[in-house]
Amino acid sequence: MIVPFATPGFWPAAGMIAAVVVSSTAGEVLTAAAMKSIGDLDEIRAVSGLGGAIRAVVTCPLFFAGIGFLTLAFFSLLFALNHLDLSLVAPASASLTLVTNAVAGKVFLKENVDRRRWTAAVLVCIGVYLLAH
Amino acid sequence: MAHPTLNARQYLTLGSVGLCAPLGDTCLSRGMTQVGPISLHHPATLVAAVFTPWIAAGIALLIGFFASYLTALSWADLTFVLPTTAFGNVIVALLAHFWLHEPISPQRWAGIVLITLGVGFVAKGPSLTERPAGSEDVERIPVAEERAR
């Protein structure tokens, strides 16, 4: 017999979604920072071959830090899905992550997030929400 | 090295990022549906499922996605690459509509249009933030090549 969970209140639900968004953003930013520190993989592959490109990636500690946070994001998502509806968790986490990544890209990676990229982030964010809701 | 405009190979990599993830997810979904319910009491069934054609194809496509994603991040900004990954949602919706004949509501069509506009908007701009001469980016390629050796 399946016993239904009691629906969590607003703050627990917000906390679960925030955990997915924060860990996912940390993972994406750390992975992006790792790849920037490694350099253009196409150029490395041209010089050192596919093995050299793979070696460059797997010897970068930042890459594994990113993978660690992405793994945490995956399990946070599973936990959230265990307590909340997919129709809430999927669009909320996907669209919020786009905005937090734009902010984190500007703050931590010093990317030039100009008006064009902000507009794109907001359009995609609303689009993902409409598509998944 | 900055890439203000992308070359054909880089567009191909971004195309792989956008296509491989939704195609991989679709293959996994179809494969898992064919396999049927799997009990945690019989984990060997899950291992056997990995070797079925649809699931193996799905895993190969997701490995392709991750390799393309890492490659794209090595020469483009995170805020440039991420909208491309979101374009995967559009591909899934279109696959569901034209392949699985699922209906798409006007609200979802609106979502598809907005994501397509957003991706097109960001793709028109530069892919990588230009750094002033003397910043750490100038030295990164030799360091990476040294690590690759």
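Chains as they are written, first to last, in the working numbering: chain A, 5 to 137; chain B, 14 to 162. Just so you know, even glycine gets a beta-carbon here, dropped at the ideal spot from N, CA and C. These numbers come from a predicted model, not from an experiment.
| Item | Value |
| --- | --- |
| Contact under 8 Å by Cβ, F103 (chain B) with I125 (chain B) | According to the sequence as given, residue 103 (chain B) is Val; it is not Phe. Yes, the pair counts as a contact, with Cβ atoms nearer than the cut-off. |
| Under 8 Å between C-beta atoms of G28 (chain B) and G101 (chain B) | no |
| Buried versus exposed call for P155 (chain B) [16 or more other C-beta atoms within 10 Å across all chains shown] | Residue placement at P155 (chain B) is poorly supported in this model, since its pLDDT is 48, which falls under 50; the coordinates are not used for a value here. |
| Residues, ordered as in the chain, of the stretch 23 to 37 of chain A that lie near chain B by beta-carbon distance below 8 Å | E32, V33, T35, A36 |
| The stretch 28 to 42 of chain A touching the stretch 67 to 84 of chain A, judged by at least three CB pairs closer than 8 Å | yes |
| Short Cβ contact (8 Å threshold) for W122 (chain A) with A96 (chain A) | no |
| Status (buried if at least 16 other CB within 10 Å, exposed otherwise) for A60 (chain A) | buried |
| Sequence-distant residues of the same chain with beta carbon closer than 7 Å to A123 (chain B), five excluded per side | none |
| CB contact flag (L75 (chain B), C33 (chain B), <8 Å) | yes |
| Minimum C-alpha distance to H110 (chain B) - residue among A:E115, A:L135, A:S41, A:A37 | A:L135 |
| Span of the alpha helix (DSSP H) around P35 (chain B) | 21 to 48 |
| Whether V63 (chain B) touches I72 (chain B) by CB criterion (8 Å) | yes |
| Three-state class that DSSP yields for S52 (chain A) in the structure shown | helix |
| Within-8 Å CB hit, I51 (chain B) to chain A | no |
| W88 (chain B) burial status per 10 Å Cβ neighbour count (16 or more: buried) | buried |
| Cβ of D90 (chain B) within 8 Å of any chain A Cβ | yes |
| is_contact[T75 (chain A), chain B] using C-beta, thresh 8 Å | no |
| L130 (chain B) at chain A interface by Cβ criterion, 8 Å | yes |
| Neighbourhood of V128 (chain A) by C-beta distance below 6 Å, restricted to the same chain and skipping five residues each side | L102 |
| C-alpha distance - E143 (chain B) paired with T18 (chain B), whole-angstrom precision | 12 Å |
| Residues of the stretch 87 to 111 of chain A whose Cβ lies closer than 7 Å to any Cβ of chain B, in chain order | L102, N105, A106, G109 |
| Contacts of A99 (chain B) in chain A (Cβ-Cβ under 7 Å) | L102, V128, V132 |
| Cβ neighbour criterion (16 or more within 10 Å) applied to L91 (chain B) | buried |
| 8 Å Cβ cutoff met for A23 (chain A) and S80 (chain A) | yes |
| Cβ separation of P35 (chain B) and A124 (chain A), assumed to be a contact under 8 Å, to the nearest whole Å | The pair is not a contact, with the Cβ atoms about 19 Å apart (cut-off 8 Å). |
| Contact belief for L76 (chain A) with V25 (chain A) at Cβ below 8 Å, rounded distance in angstroms | Not a contact, Cβ separation roughly 12 Å. |
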